[in-house]
């Protein structure tokens, strides 16, 4: 004969076990459905991880999900069910503790980082130093020289009063001189490189022209465009405008926790989310197909507007696409849909995978030189076209 109260507890225990088993089953189903084709549709290429490593991480996560799901559905459901039924107060305490822990973490993150932007995602001592900007998200701190130890050497970052990287703070960019204007992110900034090794400096040296480096670390294509739009009117004789598009950095264009551009190049303020949700999104960079399609549309508009902005000032627009590793299918799709299908001309530069700064990933002096040479070659072609009237595209 079952003990007193056993019959009353049995339905509750069955319900608890069904819930736990269902959770385990859901994890198993997710692990099975999340095949590589599905993952490639929702997890975009990464600049910092090669595809082989990315696939390995995805595979490990799938196996872990399947193992946890099987453990819940087959082994742990009875123990969890018994615990919930026989110790309801203890189970309730566990759930309350979990909720309170999440709440406490969220509160701490909000107090320590009231505005979760790129500036606060990196240590305050990182160089080149940045500050918050209400329209762009962040910009370099002007009139300042910072130093960092990268790749076993000390690199100096001099930022002039306009916020451009220069050789020395007391040698600012002269907006009255003929100038090649560069915009973009850390690769164009030249992180890990001396000034003379950067893409803008090497291109300027090849062409015998002044270069203006408007790039800011961490920028997406829309931020680079917004900065160019604000700064280009300062230059009296812009010869060319050079910008970067890199498929492995396309994911950055989809971030909305900073000021960003929407369809029609409408400026939008940062979207506010729970800090824990932001961290979870960083750890699991899932993107819906709708979000990716929207990002493709806006990126096309941004690059087309960049070209039009340059041409309106009589400058030659040049889009550079550096490629460090053999182009993966997902990268090729992004390049073709954003650039080729839009009719945008670009310079595709294939680089040796070893031409990266050790333990950093950014282009080393050899890669920067190869990119600069390609830019200069395209620029010369356009200048010849202007003189002869023969198209180079």
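In the working numbering, the protein residues as written are 4 to 396.
For glycine and all other residues, C-beta sits at the position ideal for the given N, C-alpha and C.
Here the structure is a predicted model, which means the values were calculated and not measured.
Please state whether DSSP places residue 263 in a helix, a strand or coil. Position 260 of the chain shown, counted from the first residue, corresponds to residue 263. Strand at residue 263.
So, with DSSP's three-state summary, where would you put residue 295? On the chain shown, position 292 is the one that residue 295 refers to. Helix.
Would you call the segment 355 to 375 in contact with the segment 196 to 203, where contact means no fewer than 3 C-beta pairs closer than 8 Å? yes
Which runs of the beta strand (DSSP E) spanning at least 3 residues fall entirely within the segment 204 to 275, listed in chain order? 213 to 216, 240 to 247, 263 to 265, 269 to 271
Nearest neighbour of residue 139, chosen from 36, 130, 316, 261 [CA to CA]: If you number the chain shown from 1, residue 139 lands on position 136. If we check each option's Cα against that of residue 139, 261 comes out closest.
Quick check on residue 111: does DSSP put it in helix, strand or coil? Position 108 of the chain shown, counted from the first residue, corresponds to residue 111. Residue 111 falls in the helix class under three-state DSSP.
Tell me the DSSP secondary structure of residue 302 in three-state form. As a first step, residue 302 must be located in the chain shown, where it is residue number 299. It is helical.
Check the DSSP bridge columns for residue 147 and list the partner residues they point to. Along the chain shown, read from residue 1 onward, the residue named residue 147 stands at position 144. DSSP, once it has assigned bridges, lists 162 as partnering residue 147.
How would you label residue 311, buried or exposed, when you count the other beta carbons within 10 angstroms and need 16 or more for buried? In the chain shown, residue 311 corresponds to position 308, counting from 1. Looking at its Cβ environment, which holds fewer than 16 other Cβ atoms inside 10 Å, residue 311 is exposed.
Quick one, which of 333, 303, 334, 371 has its alpha-carbon nearest residue 347's? In the chain shown, counting from the first residue as 1, residue 347 sits at position 344. Among 333, 303, 334, 371, the Cα nearest to that of residue 347 belongs to 303.
Pick from 294, 244, 247, 191 that is closest to residue 266, judged by C-alpha positions: Translated into positions along the chain shown, residue 266 becomes position 263. Among 294, 244, 247, 191, the Cα nearest to that of residue 266 is on 294.
List the endpoints of the continuous alpha helix (DSSP H) containing residue 378. Here the question's residue 378 lines up with position 375 in the chain shown. Looking at the DSSP string, the run of the alpha helix (DSSP H) that includes residue 378 is 368 to 391.
Best match in 144, 100, 176, 225 for proximity to residue 298 [C-alpha to C-alpha]: Numbered from its first residue, the chain shown carries residue 298 at position 295. The shortest Cα separation from residue 298 among 144, 100, 176, 225 belongs to 225.
Starting from residue 200, trace the beta strand (DSSP E) both ways and give me its first and last residue. Start at 1 with the first residue of the chain shown, and residue 200 comes out as number 197. Segment: none, residue 200 is in no beta strand (DSSP E) and carries neither H nor E.
Find out if the Cβ-Cβ distance for the pair residue 354, residue 327 is shorter than 7 Å. The count along the chain shown starts at 1 and reaches residue 354 at position 351. The count along the chain shown starts at 1 and reaches residue 327 at position 324. For residue 354 and residue 327, yes; Cβs fall inside 7 Å.
Residue 247: which of 378, 130, 175, 46 sits nearest, CA to CA? As a position in the chain shown, residue 247 is number 244, starting the count at 1. Residue 247 has its Cα closest to that of 378, out of 378, 130, 175, 46.
For residue 141, does the count of other Cβ atoms within 10 angstroms reach 16, so buried, or fall short, so exposed? As a working note, residue 141 is residue 138 in the chain shown. Label assigned to residue 141: buried.
For the alpha helix (DSSP H) holding residue 43, just list the boundary residues, first then last. The count along the chain shown starts at 1 and reaches residue 43 at position 40. Here the alpha helix (DSSP H) through residue 43 covers 39 to 45.
Bounding residues of the beta strand (DSSP E) (the contiguous stretch that carries residue 135): For the purposes of this step, residue 135 is taken as the residue at position 132 of the chain shown. It spans 133 to 136 - the beta strand (DSSP E) in which residue 135 sits, taken as one unbroken run.
What is the C-beta distance between residue 153 and residue 375, in whole angstroms, given that I count them as a contact (C-beta under 8 Å)? Mapped onto the chain shown, residue 153 falls at position 150. Mapped onto the chain shown, residue 375 falls at position 372. The beta-carbon separation of residue 153 and residue 375, rounded to 20 Å, does not stay under the 8 Å limit for a contact.
For residue 334, which of helix, strand or coil comes out of DSSP? On the chain shown, position 331 is the one that residue 334 refers to. Helix, per DSSP.
So, does the segment 212 to 231 touch the segment 167 to 183, judging by three or more C-beta pairs under 8 Å? yes
Do you know how far the Cα of residue 232 is from the Cα of residue 184? On the chain shown, position 181 is the one that residue 184 refers to. On the chain shown, position 229 is the one that residue 232 refers to. Distance between the alpha carbons of residue 184 and residue 232 is about 12 Å.
Among 40, 180, 251, 194, which has the Cα closest to the Cα of residue 49? Walking along the chain shown from the start, residue 49 turns up at place 46. Considering only alpha carbons, the answer is 251.
How would you call residue 155, buried or exposed, if buried means at least 16 neighbouring beta carbons within 10 angstroms? As a working mapping, residue 155 is identified with position 152 in the chain shown. Under this definition residue 155 is an exposed residue.
Hey, would you say residue 100 sits closer than 7 Å to residue 24, going by beta carbons? Residue 100 sits at position 97 when you count from the first residue of the chain shown. Residue 24 sits at position 21 when you count from the first residue of the chain shown. No, the pair does not count as a contact, with Cβ atoms beyond the cut-off.
Can you name the start and end residues of the beta strand (DSSP E) that residue 350 belongs to? For this step, residue 350 is matched to residue 347 along the chain shown. That run of the beta strand (DSSP E) goes 350 to 353.
Between residue 36 and residue 72, how many whole angstroms is the CB-CB distance? I'm expecting something under 8 Å. Taking the first residue of the chain shown as position 1, residue 36 is located at position 33. Taking the first residue of the chain shown as position 1, residue 72 is located at position 69. Between residue 36 and residue 72, the beta carbon gap of about 12 Å keeps them out of contact (Cβ cut-off 8 Å).
Whose CA, out of 314, 276, 257, lies closest to the CA of residue 235? Your numbering for residue 235 matches position 232 in the chain shown. Answer by Cα proximity: 314.
Distance check for residue 170 and residue 61, CA to CA, integer angstroms please. Position 58 of the chain shown, counted from the first residue, corresponds to residue 61. Position 167 of the chain shown, counted from the first residue, corresponds to residue 170. For residue 61 and residue 170, the distance between alpha carbons rounds to 43 Å.
Of the residues 345, 162, 321, the one placed nearest residue 385, counting alpha carbons only: Mapped onto the chain shown, residue 385 falls at position 382. Nearest of 345, 162, 321 to residue 385, Cα basis: 321.
Is it right to say residue 59 is buried, meaning 16 or more other beta carbons lie within 10 angstroms of its own, or is it exposed? As a first step, residue 59 is located in the chain shown; it is residue number 56 there, counting from the start. Label assigned to residue 59: exposed.
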